[in-house]
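If you read the sequences in order, they're chains A and B.
Following this note's numbering, the numbering of the first sequence begins with 1 at its first residue and continues without gaps.
Following this note's numbering, the numbering of the second sequence begins with 1 at its first residue and continues without gaps.
All C-beta atoms, glycine included, are put in the ideal place defined by N, C-alpha and C.
Here's the structure, in structure tokens; my notes come after.
2 protein chains.
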Amino acid sequence: MGDWMKIVGGIDGGATKTECVLMDIQGNILGRGLAGPSNYHVVGINNTIKAIRKSIIESLKNIGERKIDYLTIGLAGLDTKRDFKYIERSFQNFDLANRLDFKHDSIIALIGAHAGKPGIIVIAGTGSVAAGINRDKKYVRVGGWGYLLGDEGSAFTLGRRGLMAVLREYDGRGASTKITRRIFDKLGIDDYEDIIIKIYGAERIVEKVASLAPCVTDAAKEGDSIAINIIYEEMEKVGELIYTVAKRLDMLDEDISVAMIGGVFRAGEVVIGSLRKVLNRYELKFKLIEPLFPPSIGAAIWSLQSIGVKVNDIINNIENSLEMLD
Amino acid sequence: MGDWMKIVGGIDGGATKTECVLMDIQGNILGRGLAGPSNYHVVGINNTIKAIRKSIIESLKNIGERKIDYLTIGLAGLDTKRDFKYIERSFQNFDLANRLDFKHDSIIALIGAHAGKPGIIVIAGTGSVAAGINRDKKYVRVGGWGYLLGDEGSAFTLGRRGLMAVLREYDGRGASTKITRRIFDKLGIDDYEDIIIKIYGAERIVEKVASLAPCVTDAAKEGDSIAINIIYEEMEKVGELIYTVAKRLDMLDEDISVAMIGGVFRAGEVVIGSLRKVLNRYELKFKLIEPLFPPSIGAAIWSLQSIGVKVNDIINNIENSLEMLD
Chain A
1 MGDWMKIVGG
11 IDGGATKTEC
21 VLMDIQGNIL
31 GRGLAGPSNY
41 HVVGINNTIK
51 AIRKSIIESL
61 KNIGERKIDY
71 LTIGLAGLDT
81 KRDFKYIERS
91 FQNFDLANRL
101 DFKHDSIIAL
111 IGAHAGKPGI
121 IVIAGTGSVA
131 AGINRDKKYV
141 RVGGWGYLLG
151 DEGSAFTLGR
161 RGLMAVLREY
171 DGRGASTKIT
181 RRIFDKLGID
191 DYEDIIIKIY
201 GAERIVEKVA
211 SLAPCVTDAA
221 KEGDSIAINI
231 IYEEMEKVGE
241 LIYTVAKRLD
251 MLDEDISVAM
261 IGGVFRAGEV
271 VIGSLRKVLN
281 RYELKFKLIE
291 PLFPPSIGAA
301 IWSLQSIGVK
311 VNDIINNIEN
321 SLEMLD
Chain B
1 MGDWMKIVGG
11 IDGGATKTEC
21 VLMDIQGNIL
31 GRGLAGPSNY
41 HVVGINNTIK
51 AIRKSIIESL
61 KNIGERKIDY
71 LTIGLAGLDT
81 KRDFKYIERS
91 FQNFDLANRL
101 DFKHDSIIAL
111 IGAHAGKPGI
121 IVIAGTGSVA
131 AGINRDKKYV
141 RVGGWGYLLG
151 DEGSAFTLGR
161 RGLMAVLREY
171 DGRGASTKIT
181 RRIFDKLGID
191 DYEDIIIKIY
201 GAERIVEKVA
211 SLAPCVTDAA
221 KEGDSIAINI
231 IYEEMEKVGE
241 LIYTVAKRLD
251 MLDEDISVAM
261 IGGVFRAGEV
271 VIGSLRKVLN
281 RYELKFKLIE
291 PLFPPSIGAA
301 IWSLQSIGVK
311 VNDIINNIEN
321 SLEMLD
């Protein structure tokens with residue numbers, strides 16, 4: 001660890017916002033800054049750089065420094081080798097950090113969720129993905145192939161399957177379900193045919209469908225067997241994602257913490273209970289937990305680890321200074 | 001039947017072309033005309049009317065008449081009550097026919113496939129749907145809810161599931177499959193990651209995915225068990241569509257002809273054999289057949305039936321004059 005290091009940083013940049021956190025090498029949080037979106041596939045590379053700069057400059061206020069020694073930038077949309085090449089070239093002359101490290105946003109979420117220790121995360125928001133890191137710092141990601149080809153257990157997929165259950169009821173293929181009334185209310189319609197107009201005519205079709213996920217989880221909470229079944233089948237696929245991560249990381253014989261991230265899990269036991277049941281069937285030592293820290297802290301922890309700091313020694317400092325910030 | 005009737009017509013209008021067929025009331029085909037697309041959701045109402053006019057005027061050549069007595073127009077995109085209201089209003093002052101009758105394109109396909117007799121059709125092209133008509137002329141349609149919410153067994157769904165199998169192989173979730181090499185070749189890629197760019201970046205994403213269906217059916221023909229399984233599972237859903245149509249039409253105790261329409265069935269026995277197996281499991285008297293006539297002829301037959309002609313009496317005339325046309 002270089003004693004010249006004073007400040008490390010972590011950035012979590014996504015489709016809705018950019019967050020920067022700065023720490024000293026003892027893990028004390030020195031500042032935090034927010035800015036607009038920085039998924040460059042969505043807002044373009046110039047807006048991405050601007051948002052990242054803004055979040056850093058805000059977090060540098062009151063510190064009396066103009067540069068970060070080691071900055072880890074976690075970004076949504078860094079999916080392919082081509083993405084990495086492009087983003088690294090675009091940041092070649094970046095003047096606010098001495099060292100830059102780009103990571104897929106699932107990695108910093110993973111580091112944050114387990115405070116840098118080995119573990120697995122499963123994200124089920126609009127989309128879904130599972131990822132893990134083991135004691136050799138080997139990283140693996142499974143799933144996350146988007147709304148058409150993946151996103152098992154995501155809000156989009158739950159909403160989509162809810163709509164399909166309603167249309168199966170209409171067709172006379174499936175039994176009637178309490179999902180129907182909820183989706184009619186949410187879409188503001190009173191006719192099955194209008195589903196087509198509302199969904200295929202939506203400007204942001206993926207978000208529109210994802211917004212219907214609570215219609216399924218709420219119906220399940222009321223005991224609707226079709227909704228319960230949809231959730232269980234999707235959690236079976238999520239469980240398979242988690243199991244595959246663990247297998248590929250040679251973690252099957254260990255105690256494994258699985259942190260649940262994303263809006264789908266906020267539905268509570270109706271979702272989490274299903275996932276627990278699935279994981280128990282694998283007869284492995286999984287424990288479902290809440291993430292310890294958010295992804296921006298995860299990025300900063302990655303910076304600390306990269307310069308040789310042992311996170312175990314400073315985790316209390318992070319916790320204490322995080323509380324003080326609020 | 002009015003003796004003043006001289007000419008009836010049938011139009012099949014879709015996203016790629018418009019076809020008009022004229023007959024006398026003995027079922028002799030008098031003319032045929034072609035024009036561009038007439039799915040008004042795609043090309044707009046003005047182009048739709050233009051295409052329909054053009055196909056009629058072409059088919060009226062050499063007949064010495066300027067007007068059709070009874071014209072049935074089967075149109076893609078006539079899905080909701082709102083669609084019917086709109087299209088009927090748009091054709092209020094149509095001067096090339098004394099009587100107009102608008103039908104969803106699946107109805108004229110159904111009439112054509114069984115020459116106006118009771119029966120079921122199953123369409124599996126880019127999308128999918130099943131429909132049937134019984135001896136009381138009751139009509140039922142099941143499925144057909146589009147690429148996100150339905151289209152079971154369609155080329156889109158086969159292509160989508162083929163892609164998912166390839167990504168499951170990449171993730172280490174599923175076994176390796178012969179679908180992979182075929183999809184790589186078809187997309188012109190040599191890396192799994194490029195799938196995402198090629199599919200989500202495609203200009204016409206549904207058609208792009210549907211174009212991959214042969215990668216699945218070809219792999220199945222070579223004995224790939226993952227491909228075979230995908231096809232069987234999708235044909236289970238198609239079988240359920242057919243069964244639901246038959247049930248809702250009170251046809252479960254009858255011999256039922258099911259006409260197969262659309263590109264997916266052109267893959268042959270690898271698909272049709274699966275569907276037959278599924279239907280046999282229902283223990284019902286289904287017979288899978290080729291459609292007797294195309295949808296444009298179906299629309300003309302509907303016109304004949306509407307003015308009281310018994311199709312049984314004139315079916316030979318249709319057949320003979322159809323051959324003469326080519």
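| Query | Result |
| --- | --- |
| If the criterion is Cβ atoms closer than 8 Å, does the pair Thr217(B) and Val270(B) meet it? | yes |
| What does Ala227(B) pair with, by DSSP beta-bridge criteria? | Paired residues: none, contrary to the question. |
| If you reduce the DSSP assignment to three classes, tell me which class Ser176(B) lands in. | coil |
| Do you know how far the Cα of Phe184(B) is from the Cα of Ala51(B)? | 39 Å |
| Can you name the residues of chain A whose CB is closer than 9 Å to the CB of Thr80(B)? | Asp191, Glu193, Asp194, Ile196 and Ile197 |
| Classify Ala175(B): buried if its beta carbon has 16 or more other beta carbons within 10 angstroms, exposed otherwise. | exposed |
| Which ranges does the alpha helix (DSSP H) cover as unbroken runs of at least 4 residues, wholly within the region 254–295 of chain B, from first to last along the chain? | 269–281 |
| Could you check the C-alpha separation between Gly14(A) and Thr126(A) for me, to the nearest Å? | 13 Å |
| Taking Glu193(B) as part of the alpha helix (DSSP H), name the residues at either end of that continuous run. | Glu193 to Tyr200 |
| According to DSSP, which residues form a beta bridge with Cys20(B)? | Ile11(B) and Gly33(B) |
| Helix, strand or coil for Ala299(A), going by three-state DSSP, please let me know. | helix |
| Can you pull the DSSP bridge partners for Leu100(A)? | Leu71(A) |
| Could you compute how far the alpha carbon of Ile242(B) sits from the alpha carbon of Gly172(A)? | 11 Å |
| Any idea what DSSP makes of Ser59(B), helix, strand or coil? | helix |
| Secondary structure at Ser306(B), three-state DSSP: helix, strand or coil? | helix |
| Among Leu75(A), Glu58(A) and Gly74(A), which residue has its Cα nearest to the Cα of Lys67(A)? | Glu58(A) |
| Measure from the C-beta of Glu207(B) to each C-beta in chain A and report whether the shortest distance is under 8 Å. | no |
| Any idea if Leu163(A) is buried or exposed, counting beta-carbon neighbours within 10 angstroms, 16 or more meaning buried? | buried |
| How long is the line joining the alpha carbons of Ser329(A) and Ala35(A), rounded to whole angstroms? | One cannot answer for residue 329(A) here, as it falls past the ends of chain A, which runs 1 to 326. |
| Going by DSSP in three states, Gly119(A) sits in which element: helix, strand or coil? | strand |
| Looking only at its own chain, which residues have a Cβ that is under 8 Å from the Cβ of Asn317(A), when we skip the five neighbours before and after it? | Gln26, Gly27 and Asn28 |
| Does any CB atom of chain B fall closer than 8 Å to the CB of Ala15(A)? | no |
| Is the region 244–255 of chain B touching the region 291–311 of chain B, taking contact as three or more C-beta pairs under 8 Å? | no |
| Taking all protein chains shown into account, decide if Glu19(B) is buried (16 or more other Cβ within 10 angstroms of its Cβ) or exposed. | buried |
| What residue does the alpha helix (DSSP H) around Ser90(A) start on, and which one ends it? | Lys81 to Ser90 |
| Can you give me the C-alpha to C-alpha distance between Val8(B) and Glu169(A), rounded to a whole angstrom? | 39 Å |
| Could you give the DSSP three-state label for Gly351(A): helix, strand or coil? | Since the first residue shown for chain A is 1 and the last is 326, residue 351(A) is missing from the structure and cannot be characterised. |
| If contact means a Cβ-Cβ distance below 7 Å, which residues of the region 224–246 of chain B contact chain A? | Glu240 and Thr244 |
| What residues of chain B sit near Tyr200(A), judged by a beta carbon separation below 8 Å? | Gly146 and Leu148 |
| Rounding to the nearest angstrom, what Cα-Cα distance links Ser306(A) and Asp190(A) in this structure? | 57 Å |
| Whole angstroms are fine: how far does the CA of His114(B) sit from the CA of Arg182(B)? | 37 Å |
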